[in-house]
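Below: the structure, in structure tokens.
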Amino acid sequence: MRSRPQRTRCGFTLIELLVVVAIIAVLIGLLLSAVQAARKSANKAKCQNNLHNLGIAFHNERSTTGAHFATSSWKGALNPYVENVSKIYNCPEDLRLIAVSGGDAAAYIRVIGPPPYANMGNSTVFPIGSTSPRSRPSTRVPLTVPGSSAIEFELTPSNNNDFDDLVLLLEPQPNGTTRVTYAKGDGGGTGNFGGYKYELLDSDMNVISSNFTHGQSSDVLATSSYGMNASAHKLSFDDGGKVLLVEYTKSLASVVGSGAADIPNWSTLCQPRHTQRLNVLYYDGHVEMNSAKDIDPADTTINFEKWVPTNGP
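For the sequence shown, position 191 matches number 187 in the working numbering, and the numbering has no gaps at all.
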């Protein structure tokens, strides 16, 4: 009796391939989830380290100068006592911030005018300091102030992409602000590109200059991921459990006293960036993870316990 020859398989079936692809997809999903969780954990630790070091800088400044602390320009006061000024004021999870002059401020240019290009629009806002298809670092103007930089813009899509439509000079100031200067206009001249009008905006989209022209300079308040207790200058040794800095959308948290402006908007101003919790630096130097409710100044008991200095607002 003759035996039948055995057939040999030359490859996978379609079902087997689909199973393998599905397994790989699941593994990739698990890996990405783990990487994302690790990144968020690392960013939380960086944010806490920023606040811890800012607390050290604050107390170093207090013990060194002994003068009245200018809370409204607290970043300028702390700059001499911190390292890596361009990063320490920013939480890595803060997606609002657009780096200006090394990451120390945020501002925007709004271009207003008749759109010669389809995707321009009558009012287009460009972030100052971002590296994007429309902006990049510039070498067209001299930098004389330490830490200064320049940004050049290509405001419309074009074939040449010569980035000579607008050049802004950015110079950090001793008080913690950044001076933004309209250094060069279209083609290196003094005129606005295409006859457009420019507005200079701060990080909250407030208009600083409604007609920003060639040669004009405006100081932009240096923003950060953290807001200082507006009554920090009155905190003393007995106030170890009071809030000094908190993750915030403004440089100052005005939540103490009869003139407190931020209490009604607390829920939108505080920024719980880490799984619905936020990092808080207390006057004694320790950093805690709190919920917005934990330190809500609208609660008069919490306001007194967490915000108001012992010697009063």
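The C-beta atom is built at its ideal place from N, Cα and C for all residues, glycine as well.
Q) Around the C-beta of Ala256, are 16 or more other C-beta atoms found within 10 angstroms, so that it is buried, or is it exposed? A) Label assigned to Ala256: buried.
Q.
Short of 6 Å in beta carbon distance, which residues of its chain neighbour Val304, apart from the five on each side in sequence? Order them along the chain.
A. Val252, listed in sequence order.
**Q.** Secondary structure of Phe54, DSSP reduced to three states
**A.** Three-state result, Phe54: helix.
Q: Go ahead and label Phe8 buried or exposed: buried means 16 or more other beta carbons lie within 10 angstroms of its beta carbon, across all protein chains shown.
A: Exposed, because fewer than 16 other Cβ atoms sit within 10 Å of the Cβ of Phe8.
Q: Using the DSSP secondary-structure output, state which residues sit across from Lys193 in a beta bridge.
A: Answer by DSSP bridge pairing, in chain order: Ile108.
Q: Measure the C-alpha to C-alpha separation of Ala249 and Lys71 and round it to an integer number of angstroms.
A: A direct Cα-Cα distance of roughly 14 Å separates Ala249 from Lys71.
(Q) Let's test the definition: count the other Cβ atoms within 10 Å of the Cβ of Glu79 and tell me whether it reaches 16, buried, or not, exposed. (A) Here Glu79 is exposed: its Cβ has fewer than 16 other Cβ atoms, across all protein chains shown, within 10 Å.
Q.
Quick check on the DSSP output: what are the complete beta strand (DSSP E) runs of length 3 or more inside the segment 160 to 184, in order along the chain?
A. Here the runs fully enclosed are 162 to 168 and 173 to 180.
Q | Three-state class that DSSP yields for Asn207 in the structure shown | A | Looking at Asn207 - three-state DSSP - the assignment turns out to be coil, as it is neither helix nor strand.
Q. In terms of alpha-carbon separation, which member of Ala226, Leu10 and Tyr192 lies closest to Val239?
A. Measuring from the Cα of Val239, the nearest candidate turns out to be Ala226.
Q. Whose CA, out of Lys302, Gly211 and Tyr222, lies closest to the CA of Asn188?
A. Per the Cα distances, Gly211.
Q.
Give me the residue from Asp161, Gly185, Ile108 and Gln44 with the minimum Cα distance to Ser131.
A. Cα-wise, what sits closest to Ser131 is Asp161.
Q: For the segment 28 to 35 and the segment 53 to 66, state whether three or more C-beta atom pairs, one from each stretch, are separated by less than 8 Å.
A: At 8 Å Cβ cutoff, the stretches do not touch.
Q: Might you give, ordered along the chain, the residues of its own chain that have their beta carbon closer than 6 Å to the beta carbon of Ser68, omitting 5 neighbours on each side?
A: For Ser68, there are no CB contacts under 6 Å within the same chain when 5 residues up- and downstream are skipped.
Q. So, Asn299 versus Met285, is the Cβ gap smaller than 8 Å?
A. Not closer than 8 Å, so no.
Q) What are the complete alpha helix (DSSP H) segments, minimum 4 residues, inside the segment 63 to 93? A) If we require 4 residues or more, the alpha helix (DSSP H) runs fully inside the segment 63 to 93 come out as 70 to 74 and 81 to 84.
Q) So, are the CB atoms of Ile243 and Ser221 less than 8 Å apart? A) The sequence shown places Glu at residue 243, rather than the Ile named in the question. In contact: Glu243 and Ser221 (Cβ atoms closer than 8 Å).
Q: Starting from the Cα of Gln272, find the closest Cα among Ser287, Leu165, Ser144 and Gln44 and give me that residue.
A: The closest CA to that of Gln272, considering only Ser287, Leu165, Ser144 and Gln44, is found on Ser287.
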